[in-house]
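Under the UniProt record's numbering, the letters of the sequence shown match residues 1 to 318, in that order.
Note that CB positions come from ideal geometry on N, CA and C, so glycine has one too.
Report on the structure given below.
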Amino acid sequence: MGCDDGAMTTAGAYAEFGSREARGASPTYERLSQAVARDDGLLALLDGLPPAKRQPNLLFGVVRWLGGPVDDPVAFHDYVVTHWPAVEAELLTRATQTNEAGRCAVLLPLLAALPQPLALLEVGASAGLCLYPDRYAYRYGDQQVGSGEPILDCAAVGLVPPARVPQVVWRAGLDLNPLDVTDPDDVSWLDALIWPEHAHRRARLRAAVTVAAADPPLLVRGDLVDDLPALAARAPTDATLVVFHTSVLYQVPLARREAFVRLVRGLPGHWIANEGPEVLRYDGLPDPPNDALHNVLALDGKPLAWARGHGQEMTWFG
Numbered sequence: 001m002g003c004d005d006g007a008m009t010t011a012g013a014y015a016e017f018g019s020r021e022a023r024g025a026s027p028t029y030e031r032l033s034q035a036v037a038r039d040d041g042l043l044a045l046l047d048g049l050p051p052a053k054r055q056p057n058l059l060f061g062v063v064r065w066l067g068g069p070v071d072d073p074v075a076f077h078d079y080v081v082t083h084w085p086a087v088e089a090e091l092l093t094r095a096t097q098t099n100e101a102g103r104c105a106v107l108l109p110l111l112a113a114l115p116q117p118l119a120l121l122e123v124g125a126s127a128g129l130c131l132y133p134d135r136y137a138y139r140y141g142d143q144q145v146g147s148g149e150p151i152l153d154c155a156a157v158g159l160v161p162p163a164r165v166p167q168v169v170w171r172a173g174l175d176l177n178p179l180d181v182t183d184p185d186d187v188s189w190l191d192a193l194i195w196p197e198h199a200h201r202r203a204r205l206r207a208a209v210t211v212a213a214a215d216p217p218l219l220v221r222g223d224l225v226d227d228l229p230a231l232a233a234r235a236p237t238d239a240t241l242v243v244f245h246t247s248v249l250y251q252v253p254l255a256r257r258e259a260f261v262r263l264v265r266g267l268p269g270h271w272i273a274n275e276g277p278e279v280l281r282y283d284g285l286p287d288p289p290n291d292a293l294h295n296v297l298a299l300d301g302k303p304l305a306w307a308r309g310h311g312q313e314m315t316w317f318g
């Protein structure tokens with residue numbers, strides 16, 4: 001999670017990450033986040049970076065990718081201070097590009113209900129692992145949909161799961177820094193972004209990388225406003241264009257975010273957004289089911305469900 005348009009201090013962002021995102025999901029990152037929030041030395045180093053480069057997920061991922069410790073806050077502090085030039089260089093170069101295939105589980109009900117076949121275009125696609133919703137299998141409670149690997153589990157409330165996976169005839173992604181599923185270095189960065197305790201997500205990453213590497217997606221390096229129309233125009237006209245994104249827009253300045261919304265509303269086809277309620281605002285949202293951090297899943301600007309960030313839970317409105 002990032003500070004929305006600079007409204008939160010770095011210490012506040014780390015404290016909130018620990019209490020709202022990591023709590024109950026990663027004891028290691030909950031403990032580490034709260035320690036960084038009280039660490040004046042680390043906060044001073046982080047505050048010398050651009051706001052988007054101070055994020056907990058980015059810092060922790062970089063340290064893990066460099067081989068540093070994250071299980072002990074004192075050792076983490078010492079490593080970051082001692083190796084700050086290397087840590088800083090990676091923070092400035094890399095981005096939080098968590099490519100969680102599990103997010104397809106909350107997208108699937110919308111994708112399956114649209115006119116088939118589909119042309120998928122993901123904004124902020126990272127390595128493109130969420131462009132294969134038709135190749136994975138899903139479990140919603142005791143109901144399974146599809147027959148592929150990995151099997152994506154989602155606790156769904158108020159949802160009748162779709163009968164089948166969608167038919168996808170074209171898939172493309174747009175990203176400022178697309179990752180290559182056939183490049184071991186890029187895949188190792190995706191692995192470093194997975195939280196330490198989440199062995200099931202590591203296994204899921206390996207299975208999803210196998211799927212994508214066998215049929216690599218079209219990934220275009222570009223900006224979500226400047227370069228989206230040209231990529232959308234490459235989609236086959238006899239398929240339903242679906243532009244979608246998950247936990248991407250918080251990294252985009254407000255003015256560009258608003259320009260993107262205006263642009264995507266004018267494209268043919270449909271728009272699926274899965275973003276935090278403070279990032280894309282909607283009137284009259286029901287209360288979320290609990291205090292954990294949730295995204296709002298929306299179709300063509302209409303909010304439909306609360307969804308957890310890794311696709312592990314969704315609660316349908318009404």
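Assigned with DSSP and collapsed to three states, Phe-244 falls in strand. When Leu-118, Tyr-14 and Glu-100 are compared, the shortest CA-CA separation from Thr-237 is found for Leu-118. When C-alpha distances from Leu-218 are compared across Thr-246, Val-169, Glu-258 and Ala-239, the shortest belongs to Val-169. A distance below 6 Å between beta-carbons, with the five flanking residues on each side excluded, links Asp-134 to the following residues of its chain, in chain order: Val-165, Pro-166 and Val-168.
In the DSSP assignment, the residues bridged to Val-123 are Leu-174. In this chain, the alpha helix (DSSP H) harbouring Leu-42 covers 40-46.
Comparing alpha carbon positions, the residue from Leu-46, Ala-125 and Ala-113 closest to Leu-224 is Ala-125. As a beta-bridge residue in DSSP terms, Asn-274 pairs with Thr-246 and Leu-297. Contact between Leu-42 and Val-80 holds, since their C-beta atoms are separated by about 6 Å, short of 8 Å.
The three-state reading of DSSP puts Thr-210 in helix, counting H, G and I together.
If the five residues before and after Ile-151 are omitted, its C-beta is found closer than 8 Å to the C-beta atoms of Tyr-136, Ala-137, Tyr-138, Arg-139 and Gln-144, all from its own chain and listed in chain order. 8 Å or more divides the Cβ of Trp-316 from the Cβ of Leu-299. Lys-302 is bridged by DSSP to Leu-299.
Partner residues in the beta bridge of Ile-151, as assigned by DSSP, are Ala-137. Shortest Cα-Cα distance from Ala-95 to any of Asp-186, Ala-101 and Phe-17 involves Asp-186.
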